[in-house]
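Numbering (this note's numbering), first residue to last: 5 to 141.
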């Protein structure tokens, strides 16, 4: 019959000669069924219309995007945009609080994007120390 020949089995050390690792069987020139996942060979389910994955499937296949998929991608975009705006407004509220004790630190300048005079001074001082070699980058 047309049985597939068994791949050659070659034995060797894991990282070359003199390796402290034990001898392990390697398979060269063929499939390694012992390394395959249990689902190997199974067909993945098709992305369902009305989801962002369905919209991406339409794009990948070059087919016309159905209305439920367009609605799903629009809702996802709006949710991401709202979350980003919410995060930015929370960060702005923290930055605009002049009593926050983190003002005047390099991390507040870098991480929160604060550009108040105290934070700018902290950034300038850090840059001067870097140039003078007094602080590790």
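Where a beta carbon is used, it is the ideal one built from N, C-alpha and C, also for glycine.
A quick note: this is a predicted structure, and the numbers were derived from the prediction, not measured.
- Under a 10 Å Cβ-count criterion, residue 58 is classified as buried, with 16 or more other Cβ atoms of the shown protein chains found around its own Cβ.
- The beta carbon of residue 50 lies closer than 8 angstroms to those of 61 in the same chain, with the five residues before and after it left out.
- For residue 139, the secondary structure class from DSSP, reduced to helix, strand or coil, is coil.
- Here residue 90 carries a helix assignment [DSSP, helix/strand/coil].
- In this structure the region 80-93 does not lie against the region 62-71, because fewer than three pairs of beta carbons, one per stretch, are closer than 8 angstroms.
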